[in-house]
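In mature numbering (1 follows the signal peptide of the UniProt record, and there is no 0), the protein residues as written are -30 to -1, 1 to 335.
Quick reminder that beta carbons are idealized off the backbone N, C-alpha and C, glycines included.
Quantities reported herein were computed from a predicted structural model and do not represent experimental measurements.
Below: the structure, in structure tokens.
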């Protein structure tokens, strides 16, 4: 019996050891916890504009990484003190990455980032940084330039309309690039600007579009987020460009192209960097060359010759042969702002507060 008893103990010990090894093996083979990411939107992802374009990018990252990441979305967060509360709440919940998709989130994110040094904060279109706060944006003015090249060839009145949101450097830069592109192919073109003092206000956008058409504009574009302008263009049988996303659903005949961002390119890359501990807070500012922005969904109704001129301009941008803000360039008062052969630096582009020759409008709403 004693021999049998010791044998039983031995077999039991071996069984326990095998079980322990199995548990250890299962634990070591288990997938790591997903990277917790929160994305804060100032609008609704279904708006067809800016927020929608970021949502498309986030969805691309989710498709790429699957269960390696867990994304929490917070929608309709105003660019105000309320944003600080949202960012602080998400950080306190343990999110490792917090993405703020609006310029107005910059200061709230900067404040909260100081209190959560182990969390990575990413701000779209801002310019302030911290050790754990980075900024990212696209050189959308390059796509605006291409839209101008296309518009300048398509316009019969040589009057283009631009609906501006806020008179900040980014928007002023886009207006100027659009005008420069148009005047590169049709030097007598003018761009009329109306401000609505809002990023998203369908009523004001509709009114502005109707006013611009009344002023003779037969091609419209915008730096606002709703699809109202496109609907007006369709109703009035004029051309227009989608902004941030393809808006042809609201203007199948009106839309001749779409000025778009490829945010997915950035989100996929930055998540990989964070996962591999290679992320830095160096600003990301990509353009046509990197594939971050482009003029897309060019309508089949646009003549091939017009498309070819536009494609040639794109290739010049990609190769570096063309930089839209290269002199000589005059402002709307006739003063030389950029000397011949000189180009503006990113810092100068980031503080642009003047209109180029050919733009008609005020630098205030």
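From the options, residue whose alpha carbon lies closest to that of residue i
i           : options               : result
residue 104 : 327, 267, 311 and 243 : 243
residue 182 : 200, 170 and 195      : 200
residue 298 : 288, 311 and 196      : 311
residue 287 : 154, 68, 117 and 257  : 257
residue 210 : 236, 239 and 180      : 180
residue 156 : 121, 61, 137 and 68   : 121
residue 247 : 259, 137, 67 and 186  : 67
residue 153 : 117, 208, 65 and 230  : 117
residue 17  : 107, 190 and 219      : 219
residue 63  : 42, 259 and 53        : 42
residue 4   : 60, 160, 19 and 37    : 37
residue 331 : 224, 177, 145 and 253 : 145
C-beta contact flag for residue i and residue j at 8 angstroms
i           : j           : result
residue 26  : residue 279 : no
residue 215 : residue 22  : yes
residue 267 : residue 228 : yes
residue 302 : residue 263 : no
residue 188 : residue 129 : yes
residue 194 : residue 133 : yes
residue 49  : residue 39  : no
residue 14  : residue 142 : no
residue 165 : residue 137 : yes
residue 149 : residue 329 : yes
residue 163 : residue 190 : no
residue 127 : residue 184 : no
residue 47  : residue 8   : no
residue 160 : residue 226 : no
Per-residue DSSP class, three states only, for residue i
i           : result
residue 45  : coil
residue -29 : Reliability fails at residue -29, whose pLDDT of 31 lies under 50, so the model's placement of it is uncertain and no value is given.
residue 287 : helix
residue 115 : helix
residue 25  : helix
residue 300 : strand
residue 337 : In the structure displayed, the chain extends from -30 to 335; residue 337 sits before or after that span and is not available.
residue 190 : strand
residue 314 : coil
residue 307 : strand
residue 9   : strand
residue 146 : helix
residue 258 : coil
residue 330 : strand
residue 321 : coil
residue 233 : helix
residue 166 : coil
Contact between the region 287 to 302 and the region 112 to 126 is defined here as three or more beta-carbon pairs at a separation below 8 angstroms; is this criterion met?
yes
In chain order, which continuous runs of the beta strand (DSSP E) of length 3 or greater are located wholly inside the region 62 to 107? 67 to 70 and 90 to 94
Q.
For the structure I just gave you, are there three or more beta carbon pairs, one from the region 93 to 102 and one from the region 61 to 76, closer than 8 angstroms?
A. yes
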